[in-house]
Amino acid sequence: MSLLLAGQGELAVFAICMGGAAAGFLAVNRHPADCFMGDTGSLALGGALGAVAAAAGGVATMPLVGIG
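As numbered in numbering that gives the first Met the number 0, the sequence shown has no gaps in its residue numbers, which increase by one up to the final residue, 67.
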């Protein structure tokens, strides 16, 4: 939401897609777990989060600071 207010619509769409992918993985990975993300998947999600934060100039990280 903060990305849309900052005028970075394309970056917001990318962040929403990554969040949807993570939520879809969590929905599939209920007990008993059928798939395993592993190091490669978690590295890709972390890299995408870092790229969004770097491209947004810190705007995207403000909700994460409030959660922690």
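For each residue, glycine too, the CB sits at the ideal point set by N, CA and C. What you are looking at is a predicted structure, and each value in this text was computed from that prediction instead of being measured.
With 16 other Cβ atoms within 10 Å as the buried cut-off, status of residue i
| i | result |
| --- | --- |
| residue 51 | buried |
Distance CB(residue i)-CB(residue j) smaller than 7 Å
| i | j | result |
| --- | --- | --- |
| residue 11 | residue 3 | yes |
| residue 47 | residue 17 | yes |
CA-to-CA distance, residue j to residue i, given in whole angstroms
| i | j | result |
| --- | --- | --- |
| residue 67 | residue 20 | In this prediction, residue 67 scores a pLDDT of 46, lower than 50, which makes its location untrustworthy; the coordinate-derived value is nonetheless stated afterwards. About 22 Å. |
| residue 8 | residue 55 | 11 Å |
| residue 39 | residue 32 | 18 Å |
| residue 27 | residue 34 | 8 Å |
Subject >> Uninterrupted alpha helix (DSSP H) stretches inside the region 6-65 (no shorter than 4 residues) >> reply: For the region 6-65, whole alpha helix (DSSP H) runs of length 4 or above, ordered along the chain, are 8-27 and 37-55.
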